[in-house]
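A.B. asks: Everything in the sequence shown is counted per numbering that gives the first Met the number 0, starting at 0 for the first residue and increasing by one. Even glycine gets a Cβ: it sits at the ideal position worked out from N, Cα and C. Please read all numbers here as calculations on a predicted model, not as lab measurements.
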Amino acid sequence: MKQFEDQLPKWHNDLRNDWHNMLRNGWPNDPRNSQPLLAEDLRYVFATDRRDDTPEKGWKRWQAVCEKWKGKYRRFATLKNELRYQASFTYLNYDPRMRSMIYTTNWIERLNKDFRRVLKARNSMPDEDSVITLLGHVAIDKRCYRRKVPKLKYETNLFPPMTDTN
């Protein structure tokens, strides 16, 4: 797994933890109960169903929401121009029919949980190749991955057609 971690930007985990902490701890404990309003604004920012949406438009929506809430919650004033958070809008580069599947990490987290469960049951492995083989077997055996991924054919820029070089 170390080789995969080396490929991620150094700030990737920090960004994920920042979002997680902001959503968990940043919800206002407000007697006026502004939680539903803030949640509605965040749903607007991270909507996946706009066909003409781009990461730039998403970033502008984010900045507008931060501007709106910065008077009440100081954290939004610092988040408004935090460039690391622009990476959160890369899912908007994909076809709108794919966005709802990729803007969340639930699938990945579930697979990681299965990996940990299987590795915990085995105290030792002979070498790195056997670990990779075992993890591949776990991923292939997942029933939820047997079904056809809907709308994958729309992402032609990710999977360009093969050309014969002969």
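Could you check the C-alpha separation between Trp-106 and Pro-35 for me, to the nearest Å?
C.D. replies: Computed Cα separation, rounded: 27 Å.
A.B. asks: May I ask which residues mark the beginning and end of the alpha helix (DSSP H) holding Gln-62?
C.D. replies: Where Gln-62 is concerned, the enclosing alpha helix (DSSP H) stretches over 54-68.
A.B. asks: Mapping the DSSP letters down to three states, classify Thr-47 as helix, strand or coil.
C.D. replies: Thr-47 falls in the coil class under three-state DSSP.
A.B. asks: Have a look at Ser-87, Arg-50 and Asp-51 and flag the residue whose alpha-carbon is nearest the alpha-carbon of Leu-41.
C.D. replies: The residue with the shortest Cα to Cα distance from Leu-41 is Ser-87.
A.B. asks: In three-state DSSP terms, what is Glu-39?
C.D. replies: Residue state, collapsed to three classes: helix.
A.B. asks: Let me make sure I understand the geometry here. Which of Met-97, Trp-58, Asp-94 and Thr-89 has the alpha-carbon closest to that of Phe-78?
C.D. replies: Note on residue identity: the sequence assigns Leu, not Phe, to residue 78. Residue Trp-58 is the option with its Cα nearest to Leu-78.
A.B. asks: With a 10 Å radius around its C-beta and 16 neighbouring C-beta atoms as the bar for buried, classify Leu-82 as buried or exposed.
C.D. replies: Its Cβ having fewer than 16 others within 10 Å, Leu-82 is exposed.
A.B. asks: To the nearest whole angstrom, what separates the beta carbons of Leu-91 and Thr-53, a pair I think is in contact under 8 Å?
C.D. replies: Correct: roughly 6 Å between the Cβ atoms.
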